[in-house]
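*Asks:*
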Amino acid sequence: MSLFPTLQKVTPNANLLLSYRFAGTTVEPPDSFAGGQVWRHITGTDTLTGFNPTMIGQLPFGCEPSGGGVTGSGGFAVYLLNSLDPIGFSPQDITGTDAIFPITPSTQAIRGIQANSLNMQCLDTGPAAAFKRQLWLMAMRDVNKAGILDMPEICIEYYVTLPDYSTLLSTTNRYTAMTEIKTGSNSGGDDRVVFGVMMSNGGQPYGGVWRDEDGVAPGTIGFYCHGDNNANYSPAITSEEYYRVKNFDVSVPVNEPFKVRLYRKRGLTYNERDTHRMRIEITKADGSHHVLFDIHKQSLADWSTQYPYQSPLGASPKGGWPARNIGMGLYNAIVQRIFIAGIYFGGDANKNITIKVSAVDIWDGYPGVLPPPAV
14 MSLFPTLQKV
24 TPNANLLLSY
34 RFAGTTVEPP
44 DSFAGGQVWR
54 HITGTDTLTG
64 FNPTMIGQLP
74 FGCEPSGGGV
84 TGSGGFAVYL
94 LNSLDPIGFS
104 PQDITGTDAI
114 FPITPSTQAI
124 RGIQANSLNM
134 QCLDTGPAAA
144 FKRQLWLMAM
154 RDVNKAGILD
164 MPEICIEYYV
174 TLPDYSTLLS
184 TTNRYTAMTE
194 IKTGSNSGGD
204 DRVVFGVMMS
214 NGGQPYGGVW
224 RDEDGVAPGT
234 IGFYCHGDNN
244 ANYSPAITSE
254 EYYRVKNFDV
264 SVPVNEPFKV
274 RLYRKRGLTY
284 NERDTHRMRI
294 EITKADGSHH
304 VLFDIHKQSL
314 ADWSTQYPYQ
324 SPLGASPKGG
334 WPARNIGMGL
344 YNAIVQRIFI
354 AGIYFGGDAN
364 KNITIKVSAV
374 DIWDGYPGVL
384 PPPAV
């Protein structure tokens, strides 16, 4: 049975660019080794959605390896990155790759239906707070494809089962990313957004300097979202964090699937601060729906007023205070790398982490009617 038997490729406000239920598809062995980067492409036609690599490689999405084809860097794949010394893998070291990043087909029960999923593991995350090993289900666009354009709007939906991060993070080593979007060009990217899970250090009453965590018990697990320009531009540009907001009011589900919907509308230019909006929602296994973040010009202005001098890194441009509603990089690079769901870990040392991902959709807008901004 299909998880969504009435799947539509068009809604009143959005077109479906990618949709996979991992039925009739294959995660291929590693076929591209470049330093510490390894790609495992997803091939075949999904029998529940009809999507395949040829379809998603066509414009307007243009999600395919550079220059086309089904191998090489890019496209729809599981992307692995090992940057621990010695960096990378020997060419075609499939055994070494699988020893760190085993990927296996699986299932999980969602709303009473057994849904196909990818079981994604990182066996040994490396040193504490290092972010040295990454594992992603990823869609990467070919920014050199003739006719390719930016994505002014994007909406990512997926189901995910997370481990108990209260046993993997600490009040010192606090963050793990779940989803990222980066821009790209021949010079790299200039804009990034990140959504993930974090542990509170309790804010000022407990010796921390994060005013937006005042009153939150140390060790509490919550969600965070931030925007910055850390998207691998070359030559390196001055680091800027535009905003970093947190939610400790909604509990993070543990060992049960929940739905994530991340919608972003980009700004028109780097200096235009009215248009950008980021809205992140989750639906838990019990059916409860939560808007974790609705980021826009007014919400960030209110945040800056409520939490003066929040950042330990100082005032802008580096510290994320005052928060700025920036939704376009300095050089207008287009959306390239969509890290749909994965493990990008900055918690305690040498952890083993497993997540399950099911029912992935990417839209070119908000499916249905976009609610007005929540303030």
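Just so it is clear: in the sequence shown, position 96 is 109 by my numbering, and no numbers are missing.
We put the CB at the ideal spot given by N, CA and C, even for glycine.
The structure displayed is predicted, hence computed values, not measured ones.
#1: Using the Cβ count rule (16 or more neighbours within 10 Å means buried), how would you classify L72?
#2: Using the Cβ count rule (16 or more neighbours within 10 Å means buried), how would you classify R337?
#3: Closest to V83 by C-alpha separation, out of D106, L29, V210, R53, would be which residue?
#4: Could you say which of N363, P384, S32, D374 lies nearest to I113 if we only look at CA atoms?
#5: Pairing CB atoms from the region 149 to 164 with CB atoms from the region 340 to 349, are three or more of them under 8 angstroms?
#6: Could you give the DSSP three-state label for Q349: helix, strand or coil?
#7: What does DSSP give as the partner residue(s) for V210 in the beta ladder?
#8: Confirm, please, whether the CB-CB distance from N260 to G228 is below 8 angstroms.
#9: List, from N- to C-terminal side, the beta strand (DSSP E) runs of 3 residues or more that fit wholly inside the region 92 to 178.
#10: Am I right that D203 and A244 are in contact with their C-beta atoms under 8 angstroms? What's the rounded C-beta distance?
#11: For Y188, is the beta carbon positioned less than 7 angstroms from some heavy atom of the ligand SAM?
#12: According to DSSP, simplified to helix, strand and coil, what is I69?
#13: Just how far apart, CA to CA, sit S86 and G49?
#14: Look up P385 in the DSSP assignment and say whether it is helix, strand or coil.
#15: Between R124 and A298, what straight-line distance do the alpha-carbon atoms span, to the nearest angstrom?
#16: Given a threshold of 16 other Cβ atoms within 10 Å of its Cβ, counted over all protein chains shown, does P25 qualify as buried or as exposed?
#17: Alpha carbon to alpha carbon, how far is R274 from D374? Give it in angstroms, no decimals.
#18: Output needed for F74: all residues of its chain with C-beta closer than 6 angstroms, excluding positions within five of it in sequence on either side, in chain order.
#19: CB R286 to CB F306, shorter than 8 angstroms?
#20: Determine the DSSP secondary structure at P218, reduced to helix, strand or coil.
#21: For K310, name the three-state secondary structure that DSSP assigns.
#22: Take N199 as the anchor and find which of S79, W376, V40 has the nearest alpha-carbon.
*Replies:* Considering the structure as presented:
#1: exposed
#2: buried
#3: R53
#4: N363
#5: yes
#6: strand
#7: T189, F236
#8: no
#9: 116 to 123, 126 to 136, 146 to 153, 166 to 174
#10: 6 angstroms
#11: Absence of the ligand SAM from the depicted structure is noted, as is the absence of any ligand whatsoever, leaving it without description.
#12: helix
#13: 12 angstroms
#14: coil
#15: 7 angstroms
#16: exposed
#17: 9 angstroms
#18: L30
#19: no
#20: helix
#21: helix
#22: S79
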